[in-house]
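*Asks:* Pasting a structure below so you can have a look.
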Amino acid sequence: MKRNIILILIGLALALWPLGGYQEGIIILMCINCVAAMGVSILTGFTGIFTLGHAAYMALGAYTAAILTVRYGISVFPSILAGGFMAILVAWLIGLPTLKLTGDYYAIASLGLCEAIRLILENWQSFTRGSRGFPGIEPYTTRGFAVTIFIFLAIITFNFLESRLGRELKASRDDGVAASLMGFDTHKSKMKALVISAFYCGISGALLGGYMGFIQPSMFDMMKSTELTAVVVFGGLGSLSGTILGSAAITLIMEYFRDISQYRMLIYGLLLVIIMVFRPEGLLGSREIWDLKMGVKK
Amino acid sequence: MLELHNIDMFFGGIAALHDIKFRVDDGSLTGIIGPNGAGKTTIFNIITGVYTPTAGSVIFNGYDITNMKAYQINRLGIARTFQNLRLFARSSVLENVMTAAQNRYVNSYREEIFSGNMTQKISPNLSSWYSFVESCLHLGRWSRIEKTLKFSSMQLLERVGLHDRANQAAGTLPYGMQRRLEIARALALEPKLLLLDEPAAGMNPEEVFELNDLITGIHKDFNLTVLVIEHHMDLIMKICPRIICLNFGAKIAEGTSEEIHNNPEVLEAYLGG
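First to last, the sequence lines map onto chains A and B. Using the working numbering, the first residue of the first sequence is number 91, and each one after it goes up by one. Using the working numbering, the first residue of the second sequence is number 1264, and each one after it goes up by one.
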């Protein structure tokens, strides 16, 4: 309860603080990135499945929402949800065969998925306008809207991770054999984690489209995918607050160095190396931020 | 309660088990002994569905569970602990027990299976559970059910003497405590049959003594059928009325502790003749 109130206060501060257009843009971007990172965190941090292709789900969400609003004139909210469900559908199809196997097969499949989706979007010119990009999206992602969705998703994510499903996911992360001998169908557990995480990324992609007003396939390449996973590792695997902090920090740092944009990736890489050397478990390890002072959980 | 019929298990060309047959009676406390590599843990893995035997069948309460998946077998009421500890190391001690306790399926579906109406899909009775939406918003039945779950898990932890460690990460517990936590976690499933795989491994004599009491205690109090694999002969001789002895993947003897104690084949297996 205390946590929900704090999150809502943070949300109000982010939404109502009087800021210029540029800072407002950064906040929107931060919220969008956090939503996607939370999705990856559920899968990688809490279920232990590595992914290198979650930008694909963002692309699906972005294009679904864009095409529905621009071409078919469907209103914004249903279109964003449709983007999320599109991501769920594709995730389900990919997860069905790959998550049955133990090992990092999903990571490899996700690499392929990411490229395949990007290439489809680039080459299906009649539908997506290909690499010229898809312009004219109504700028529906206002600051208030982005913050509301981010805070809402953050609250429900914290909540369900503290419930039946959260324990189920952590069980299959920590020991798949033990989980299945505790009566969990681990394939199903992993599928649940994957579709939920895909949904978050789909929503995030749809919000990104509504913020930029223009999307193109190259926005959702390998780079974006690895960035999402890197942010989660950076924040600490198994810590949702770590993921949110990490994602916000990386967004800010990347913005700060926009002037020297050719060195951005260099700085980004250096930062990851430093973190991995000095804190291999990530910023917060597998603890949440309010558990830090207790020091009981490893 | 449990019957193994002519179980063969091959790994490639190696026969890990050959023609194993025995039965475990309802409410009994049976021990399995044997030198290293005799195939004791393999038997557990076959019963719990981690492996499917090359030949033979496993019957649980009259129902053939040979080809069922591990989680399905577990849902029928078979729980186990592991020789090489498989706790959810990054979760807290309490969470470990709660994770199992949330799968304590309402008995109705088990009864359905035992009365012969086995459906292909074994699914738990979820009507007494909160839904995903309730868990997202922490509304409705969420707080009541979580509270009961926490309470019953704490009781189990008290039973094994770990209640003051409830919030510690399971992976940071000392070895002996981790073993006891595994027992608590298995009990949380409210099984009918409990399989203990070397529960005393790595324990000092004092801890083994306590474990003695714990095993006989839970056997009585939880109305369980227990099957124990053990190396500590004195432990098994003391608590198990019936003992099965394996060597090189075959059953060489079965009987009361005295019969086993005086069996020449068992002596040969253990002392090399």
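By construction, the Cβ of each residue, glycine as well, lies at the ideal position given by its N, Cα and C atoms.
Just the chain A side, please: which residues come within less than 8 Å of B/Leu1452 by C-beta, in chain order?
*Replies:* Numbered from 1 along the second sequence, position 189 holds the residue referred to as residue 1452 of chain B. Those within 8 Å of B/Leu1452 in chain A are Met272 and Gly273.
*Asks:* Taking any Cβ of chain A, which residues in the stretch 1305-1331 of chain B have a Cβ under 9 Å from it, in chain order?
*Replies:* Thr1311, Gly1312 and Val1313
*Asks:* From what residue to what residue does the beta strand (DSSP E) around B/Glu1453 run?
*Replies:* Taking the second sequence and counting its residues from 1, one reaches residue 1453 of chain B at position 190. Unbroken run through B/Glu1453: none, as it is neither H nor E.
*Asks:* Here's the rule: buried if 16 or more other CB atoms are within 10 angstroms of the residue's CB, otherwise exposed. What is A/Lys389?
*Replies:* Residue 389 of chain A lies beyond the range of chain A shown here (91 to 388); nothing can be said about it.
*Asks:* Out of curiosity, what's the CA-to-CA distance linking A/Ser216 and A/Ile118?
*Replies:* Against the first sequence, residue 216 of chain A aligns to sequence position 126. Against the first sequence, residue 118 of chain A aligns to sequence position 28. Roughly 31 Å separates the two Cα atoms.
*Asks:* For A/Ala172 versus A/Ile184, is the C-beta distance shorter than 9 Å?
*Replies:* As a first step, residue 172 of chain A is located in the first sequence; it is residue number 82 there, counting from the start. As a first step, residue 184 of chain A is located in the first sequence; it is residue number 94 there, counting from the start. Result no, Cβ atoms of A/Ala172 and A/Ile184 do not sit closer than 9 Å.
*Asks:* Please report the distance separating the alpha-carbon of A/Asp275 from that of A/Thr192.
*Replies:* The residue you call residue 275 of chain A lines up with position 185 of the first sequence. The residue you call residue 192 of chain A lines up with position 102 of the first sequence. If you take the alpha carbons of A/Asp275 and A/Thr192, they lie about 13 Å apart.
*Asks:* Taking the CB atoms as reference points, tell me whether B/Glu1445 and B/Leu1357 lie closer together than 9 Å.
*Replies:* The residue given as residue 1445 of chain B occupies position 182 in the second sequence. The residue given as residue 1357 of chain B occupies position 94 in the second sequence. No, Cβ-Cβ distance for B/Glu1445 and B/Leu1357 is not below 9 Å.
*Asks:* Check each candidate in B/Leu1456, B/Ser1415 and B/Asn1475 and name the one with the smallest Cα separation from B/Arg1443.
*Replies:* Taking the first residue of the second sequence as position 1, residue 1443 of chain B is located at position 180. Residue B/Asn1475 is the option with its Cα nearest to B/Arg1443.
*Asks:* DSSP three-state call for B/Val1489: helix, strand or coil?
*Replies:* Within the second sequence, the letter at position 226 stands for residue 1489 of chain B. Three-state DSSP puts B/Val1489 in a strand.
*Asks:* For the alpha helix (DSSP H) containing A/Thr265, name the first residue and the last one.
*Replies:* Working through the first sequence from its first residue, we reach residue 265 of chain A at position 175. With the sequence shown as reference, residue 265 of chain A is identified as Asp, and Thr is not the correct amino acid for it. Here A/Asp265 belongs to no alpha helix (DSSP H), and DSSP marks it neither H nor E.
*Asks:* Of all the residues that make up the stretch 252-264 of chain A, which are near chain B by a beta-carbon distance shorter than 9 Å?
*Replies:* Glu252, Ser253, Arg254, Leu255, Gly256, Arg257, Glu258, Lys260, Ala261, Arg263 and Asp264
*Asks:* Which first and last residues belong to the beta strand (DSSP E) in which A/Cys291 is found?
*Replies:* Counting from 1 along the first sequence, the entry for residue 291 of chain A is found at position 201. Per DSSP, A/Cys291 belongs to no beta strand (DSSP E); it is in the alpha helix (DSSP H), Thr276 to Met302.
*Asks:* In whole angstroms, give me the CA-to-CA distance for A/Ile305 and A/Gly220.
*Replies:* To locate residue 305 of chain A, count along the first sequence from 1; it is residue 215. To locate residue 220 of chain A, count along the first sequence from 1; it is residue 130. Going from the Cα of A/Ile305 to the Cα of A/Gly220 covers about 10 Å.
*Asks:* Would you check if the stretch 206-214 of chain A and the stretch 145-155 of chain A touch, i.e. whether three or more CB-CB distances between them fall below 8 Å?
*Replies:* yes
*Asks:* What does A/Ser376 touch in chain B if you count any residue whose Cβ is under 7 Å from its own?
*Replies:* Taking the first residue of the first sequence as position 1, residue 376 of chain A is located at position 286. In chain order: Arg1353.
*Asks:* Put A/Asp311 into one of helix, strand or coil per three-state DSSP.
*Replies:* The count along the first sequence starts at 1 and reaches residue 311 of chain A at position 221. Correct three-state label for A/Asp311: coil.
*Asks:* Does the beta-carbon of B/Pro1454 have 16 or more other beta-carbons within 10 angstroms, so that it is buried, or is it exposed?
*Replies:* Residue mapping note: residue 1454 of chain B aligns to position 191 of the second sequence, counting from 1. Classification of B/Pro1454: buried, given that the 10 Å Cβ count is 16 or more.
*Asks:* What's the gap between the Cα of A/Ser329 and the Cα of A/Gly135?
*Replies:* On the first sequence, position 239 is the one that residue 329 of chain A refers to. On the first sequence, position 45 is the one that residue 135 of chain A refers to. If I take the Cα positions, the gap works out to 7 Å.
*Asks:* Can you check which of these residues, B/His1494, B/Asp1460 and B/Asp1484, is closest to B/Phe1307 by C-alpha distance?
*Replies:* Residue numbering aside, residue 1307 of chain B sits at position 44 when the second sequence is read from its first letter. Closest by alpha carbon: B/Asp1460.
*Asks:* What residue does the beta strand (DSSP E) around B/Thr1311 start on, and which one ends it?
*Replies:* Indexing the second sequence from 1 puts residue 1311 of chain B at position 48. From DSSP, B/Thr1311 is part of no beta strand (DSSP E); its letter is neither H nor E.
*Asks:* Excluding the 5 residues flanking A/Gly326 on each side, which residues of the same chain have their C-beta closer than 7 Å to its C-beta?
*Replies:* Numbered from its first residue, the first sequence carries residue 326 of chain A at position 236. Within the same chain, A/Gly326 has close Cβ partners Gly332, Glu371, Gly372, Leu373, Leu374, Gly375 and Ser376.
*Asks:* Run through DSSP, which three-state label would B/Gly1518 get?
*Replies:* In the second sequence, the residue the question calls residue 1518 of chain B occupies position 255. Three-state result, B/Gly1518: strand.
*Asks:* Is the number of C-beta pairs between the stretch 257-274 of chain A and the stretch 1330-1347 of chain B that are closer than 8 Å three or more?
*Replies:* Touching, per the Cβ criterion.
*Asks:* Just the C-alpha distance for A/Met355 and A/Ile364, rounded to the nearest angstrom, thanks.
*Replies:* For the purposes of this step, residue 355 of chain A is taken as residue 265 along the first sequence, with counting starting at 1. For the purposes of this step, residue 364 of chain A is taken as residue 274 along the first sequence, with counting starting at 1. Going by the C-alpha atoms only, they are around 14 Å apart.
*Asks:* Would you mind giving the Cβ-Cβ distance between B/Ile1540 and B/Leu1487, rounded to the nearest angstrom? I have them listed as a contact below 8 Å.
*Replies:* Here chain B comprises residues numbered 1264 to 1536, so residue 1540 of chain B is not present and cannot be evaluated.
*Asks:* In chain B, which residues lie with their C-beta within 8 Å of the C-beta of A/Ala268?
*Replies:* Working through the first sequence from its first residue, we reach residue 268 of chain A at position 178. Using a Cβ-Cβ cut-off of 8 Å, A/Ala268 is close to Phe1345, Arg1349, Leu1350 and Phe1351 of chain B, given in chain order.
*Asks:* Which partner residues of B/Met1272 appear in the DSSP bridge assignment?
*Replies:* Here residue 1272 of chain B is taken as the residue at index 9 of the second sequence, counted from 1. Its beta-bridge partners are B/Leu1280.
*Asks:* When the distance is taken between beta carbons, is B/Asn1366 closer than 9 Å to B/Arg1452?
*Replies:* For this step, residue 1452 of chain B is matched to residue 189 along the second sequence. For this step, residue 1366 of chain B is matched to residue 103 along the second sequence. In the sequence on display, residue 1452 of chain B carries Leu and not Arg. For B/Leu1452 and B/Asn1366, yes; Cβs fall inside 9 Å.
*Asks:* Taking only beta-carbon atoms, is B/Thr1362 less than 9 Å away from chain A?
*Replies:* As a first step, residue 1362 of chain B must be located in the second sequence, where it is residue number 99. Closer than 9 Å: yes.
*Asks:* Cα separation between B/Leu1530 and B/Ala1463?
*Replies:* Residue mapping note: residue 1530 of chain B aligns to position 267 of the second sequence, counting from 1. Residue mapping note: residue 1463 of chain B aligns to position 200 of the second sequence, counting from 1. Using only the alpha carbons, I get a separation of about 22 Å.
*Asks:* Would you please state the rounded distance, in angstroms, between the beta carbons of B/Arg1343 and B/Gly1434? I believe it to be under 8 Å.
*Replies:* Within the second sequence, numbered from 1, the residue matching residue 1343 of chain B stands at position 80. Within the second sequence, numbered from 1, the residue matching residue 1434 of chain B stands at position 171. The pair is not a contact, with the Cβ atoms about 20 Å apart (cut-off 8 Å).
*Asks:* Counting C-beta neighbours from all protein chains within 10 Å, is the total for A/Tyr196 16 or more, i.e. buried, or is it exposed?
*Replies:* Residue mapping note: residue 196 of chain A aligns to position 106 of the first sequence, counting from 1. The residue is buried, with at least 16 neighbouring Cβ atoms inside 10 Å.
*Asks:* In angstroms, rounded to a whole number, what distance separates the CA positions of B/Ile1270 and B/Ser1320?
*Replies:* As a working note, residue 1270 of chain B is residue 7 in the second sequence. As a working note, residue 1320 of chain B is residue 57 in the second sequence. If you take the alpha carbons of B/Ile1270 and B/Ser1320, they lie about 6 Å apart.
*Asks:* Which residues, in order along the stretch 311-337 of chain A, keep a beta-carbon less than 8 Å from a beta-carbon of chain C?
*Replies:* The structure shown has no chain C; the protein chains it does contain are A and B.
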